[in-house]
Every structure is written in structure tokens, then in C-alpha cells.
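Trainee: I have a structure I would like to understand better, so I am pasting it below and will then ask my questions one at a time.
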Amino acid sequence: MQFQIRTYILNIFRLLLLVFVFLLPAPAGYSQARFKPERGTTFLYTVKQGEETYEFDVMVKLMMPYRSFQFHTHHPKTMQGEYNIANPAVKGTDVLILELQDGINNISSGMPLWLSMRAFAELSDSGKTLLSINESALTLFKNTGKTKVKVKLKGVIKSLNCLKLTEADKFTGKLIKGRELVVVNDPANPLVVSYKGKLNLKLKEISGK
3 MQFQIRTYIL NIFRLLLLVF VFLLPAPAGY SQARFKPERG TTFLYTVKQG
53 EETYEFDVMV KLMMPYRSFQ FHTHHPKTMQ GEYNIANPAV KGTDVLILEL
103 QDGINNISSG MPLWLSMRAF AELSDSGKTL LSINESALTL FKNTGKTKVK
153 VKLKGVIKSL NCLKLTEADK FTGKLIKGRE LVVVNDPANP LVVSYKGKLN
203 LKLKEISGK
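Residue numbers (my numbering): 3 to 211.
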């Protein structure tokens, strides 16, 4: 009889434990978007430049050892092209290109839509890096913290873990009201999610594989 009572109590305890585990909140980051760009992955961006607003999509052909993608813009601005970025630029350029040019572009001194590995490493290690946006003068950007950005990932709204970069004075290091940049917080994929400056750019959707 005592054995049956102990067994009954043990079963009740196990049941309560299962209920407790089931009711625990999901771990932080459970609903975060996790994606690894590969051949066929497509990014859709919206752009506002002056009075003009348009969209463009980027389809990845290759991520490493060099970067390659095709793009085309949508009405009212119609343009299409391809970028092939040499490995040294993927690894170490300080030029970030956000205004794409039509035609075939083979480049070794700039990086469209992604930070280089070196720039991201500097942001992680020292909290700052120098970037030339669209080949303008070098600007100091500081890592001003982590943020989450909602995008549509394969048809479902998800949150991307990102880093927010804010323009700062090169001499004093003081943050100034200027350009802001948000990138995916991933050393293997520091993709530009948004940019605020003379050109405003925002990642809207990720699709494909």
C-alpha cells in the first residue's frame, strides 16, 4: 500500500514538473530571425532619396570567398545590374556603397550593402570604425548599442538582432546629429538593415532559400 502511495505521489510530482516546464517563457531570442544568406537569397529594400521613393531587390549569387549579387530597381526608377566584389574588399574595405550603379560592376575597393569583416570587428572590439559612405570622406561611426528590427522573413514577420551605429565627431568622439546606420549583428553577415542620411534606405523583406 505504501509503495502504491509513493508511486502515486511521484507520478503527480512528475506531472507538475512537466506543466511547470511547459509554462516557462520561451528563451530570449526564440522569435528572432536567424538566416544565412546563400545563393538565391533575396533582399527587398525601400529607398527615399529627395522626393523620389522606390524599391530595389538584391539576389545573392555568392557570399564567399568573394561577394556577388544581382539587383534591379522597381518603378518609377528602373535599373538593373550586378556586383562582383573582390575578397580583399569583403575582408577589409572602409567604403560602404549604398547607391548602386547599373551594369556589371567588378570592384575591389568598396562593399555594397554589407560592412567589411574588418569594420565589423572594429565595432565589436573598440566600439567604433571609420566608414566612407558612397566614397565620401571618412566618417567616424560609433556602436551605440544593440537593437531589434522587424522584417518579413519568408513571409513571416521576425526580429533581426542588429547593431545601431551613430555618426560621431572624429576629433572629440562626441555623437552628433547626423547619419545613422543599422546592421545585422553577425560577423559573417553584417548586412545593412537601414541607413538615414541624404539617402534613406530600409530592408523590408528577405526571401528565397
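Beta carbons are placed, not taken as given, at the ideal position from N, Cα and C, and that holds for glycine.
1) Alpha carbon to alpha carbon, what distance is there between residue 74 and residue 105?
2) With a threshold of 8 Å on Cβ separation, who are the neighbours of residue 43 within its own chain once the five nearest residues in sequence on each side are excluded?
3) Just how far apart, CA to CA, sit residue 111 and residue 151?
4) Between which two residues does the alpha helix (DSSP H) holding residue 121 run?
5) Using 8 Å as the threshold, is the segment 73 to 93 in touch with the segment 135 to 152, meaning 3 or more CB pairs across them?
6) Can the beta-carbon of residue 153 be found less than 7 Å from the beta-carbon of residue 142?
7) Determine the burial state of residue 166: buried for a count of at least 16 other Cβ atoms within 10 Å of its Cβ, exposed for fewer.
8) For the alpha helix (DSSP H) that contains residue 89, what are its first and last residues?
9) Which of the three DSSP states, helix, strand or coil, is assigned to residue 212?
10) If we count the other Cβ atoms within 10 Å of its Cβ and call it buried at 16 or more, is residue 2 buried or exposed?
11) Could you tell me the distance, in whole angstroms, from the CA atom of residue 49 to the CA atom of residue 55?
12) Using the Cβ count rule (16 or more neighbours within 10 Å means buried), how would you classify residue 189?
13) Applying the 10 Å Cβ sphere with the 16-neighbour rule, what's the burial state of residue 41?
14) Alpha carbon to alpha carbon, how far is residue 84 from residue 179?
15) Determine the direct distance from the alpha carbon of residue 206 to that of residue 197, and round the result to whole angstroms.
16) Going by alpha carbons, who is nearest to residue 173 out of 101, 125, 81, 144?
17) What three-state label does DSSP hand residue 82 in the structure shown?
18) Within this structure, are the beta carbons of residue 155 and residue 168 separated by less than 7 Å?
19) Buried or exposed: residue 99, going by 16 or more other Cβ atoms within 10 Å of its Cβ?
20) What residue does the beta strand (DSSP E) around residue 56 start on, and which one ends it?
21) Thinking C-alpha only, which one of 195, 52, 200, 45 is nearest residue 72?
Mentor: Answer, in terms of the structure:
1) 10 Å
2) 37, 61, 62, 208, 209, 210, 211
3) 29 Å
4) 119 to 127
5) no
6) no
7) buried
8) 89 to 94
9) Limits of the chain in this structure are 3 at one end and 211 at the other, which puts residue 212 out of reach.
10) The first residue shown for the chain is 3 and the last is 211, placing residue 2 beyond what the model contains.
11) In this structure, the alpha-carbon of residue 49 lies about 6 Å from that of residue 55.
12) Exposed, because fewer than 16 other Cβ atoms sit within 10 Å of the Cβ of residue 189.
13) exposed
14) 34 Å
15) When rounded, the separation of the alpha-carbon atoms in residue 197 and residue 206 is 13 Å.
16) 144
17) Here residue 82 sits in strand by DSSP.
18) no
19) buried
20) 54 to 64
21) 45
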